[in-house]
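Have a look at the structure below, then the notes.
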Amino acid sequence: MKQMLGAQKLLTQLAHQGVVEVLLCSGARNAPLVKALSVCSGLQVLPFFDERAAAFFALGRIRRTGRPVAVVTTSGTAVAELLPATVEAWYSGLPLVLVTADRPPSYRGTGAPQAIEQVGIFSNYVQREYDFLGEKPEEFALAEQAPTHINVSFDEPLIDGELGPWTIDPGPGAESDFDQERMALSQDRVREFLQKSQRPLILVSELPSDKREFVAKKILEWKRPVYLEASSGLYGRSELKPWRLDLGEGVFKSSSFMNEFDGV
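Quick note on our numbering: the sequence shown kicks off at 2 and runs consecutively.
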C-alpha cells in the first residue's frame, strides 16, 4: 500500500509544519489523500466542490489564524482553478499550500485526459515547489510568507490498501504558540533591520485586526518615519501622527524622496 502510506506521510509533514486546516476538493486522482484524511484525527478537513472558492476561502483562514492552510485538489484543470488565489497570496505574503494530485510522470506531454502540465504552473507566484511520486514523498519545507506548491503523482491502483484510523500529532508548529513564534521571528527581523539602517522608512501594509494594537505600540517604540497603507487599519490612529508620512504612494517613485532613506 505504497500510495496510501505516501499520502499519510505527506499529510504528517504538513501538520508538523503548522497546517491544521485542509480544504479538500475530492476527485479521482487525489483518492489516496481523500481516503487518508477520512480516517485521520488531528486535522480539520473542510470539503469543497469548487477549487477556486476553496483557495480563496483558504486565504481568509490564513489571514484569520496566521497559520498556513492547505488546499488539496485532483489533477487537470482543477489545478488551474487555484491560480487566481495563488497570485493574491503571493502579493499578500500569505502561506497558502497547494497540494495537487497528478497522473504519473509518463503521462506528461501526451495530451491524455487529466494530464495538463501541472509542474511549474504557479512558478511565478510560489516561493517553493515540489514534484513527488505519491508512493515516496520526500522531505519538504513550506514557505513562511508565500505560497508553496506540492505536486504529487499517484499511480494506479490509487487505493492500494486499507489504512486504518490514525492520528496526527501536529507538533509545536500547529499549536497555539505558532502565531507567537511567527511574530517573534518578524520582530527579530525588524530589530535587525533597524540596527543596520541609519535612516529607515517603515511601510505597514495589511494587518489582521488582532495585531494592530501590537504594531501601533511598536511604531511608537521605533520612533521612525512610517507609511501606513489603508489596509493596515492604523492610519487614523492619532498617537501615530508624529511618525506618519501623509503622502501618496506615488512619492516612492521620486528618487529625491527615496534618497532620504537608506532602508525600507
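Glycine included, each C-beta is placed from N, C-alpha and C at the ideal position.
Give the straight-line distance between the Cα atoms of residue i and residue j, rounded to the nearest whole angstrom.
{"i": "residue 229", "j": "residue 194", "result": "18 Å"}
{"i": "residue 40", "j": "residue 73", "result": "16 Å"}
{"i": "residue 76", "j": "residue 206", "result": "35 Å"}
{"i": "residue 152", "j": "residue 106", "result": "11 Å"}
{"i": "residue 8", "j": "residue 135", "result": "7 Å"}
Using 8 Å as the threshold, is the C-beta distance between residue i and residue j below it?
{"i": "residue 133", "j": "residue 99", "result": "no"}
{"i": "residue 60", "j": "residue 34", "result": "no"}
{"i": "residue 102", "j": "residue 155", "result": "yes"}
{"i": "residue 37", "j": "residue 5", "result": "yes"}
{"i": "residue 138", "j": "residue 248", "result": "no"}
{"i": "residue 54", "j": "residue 91", "result": "no"}
So, is residue i buried or exposed, given that buried needs 16 or more other C-beta atoms within 10 angstroms?
{"i": "residue 222", "result": "exposed"}
{"i": "residue 31", "result": "buried"}
{"i": "residue 167", "result": "exposed"}
{"i": "residue 112", "result": "exposed"}
{"i": "residue 188", "result": "exposed"}
{"i": "residue 22", "result": "buried"}
{"i": "residue 78", "result": "exposed"}
{"i": "residue 231", "result": "exposed"}
For residue i, I'd like the list of residues in its chain whose CB is within less than 7 Å of its CB, leaving aside the five on either flank, ordered along the chain.
{"i": "residue 261", "result": "200"}
{"i": "residue 244", "result": "220, 224, 225, 226, 227"}
In its own chain, which residues sit with a C-beta less than 6 Å from the C-beta of residue i, not counting the 5 before and 5 after it?
{"i": "residue 315", "result": "The structure shown does not extend to residue 315, since the chain is modelled only from 2 to 265, so the question has no answer here."}
{"i": "residue 84", "result": "none"}
{"i": "residue 162", "result": "2, 5"}
Leaving aside the five residues before and after residue i along the sequence, list all residues of the same chain whose C-beta is less than 8 Å from its C-beta, in chain order.
{"i": "residue 217", "result": "235, 238, 240, 241"}
{"i": "residue 14", "result": "138, 140, 141"}
Check whether the region 111-118 touches the region 134-144, taking contact to mean three or more Cβ pairs, one atom from each stretch, closer than 8 Å. no
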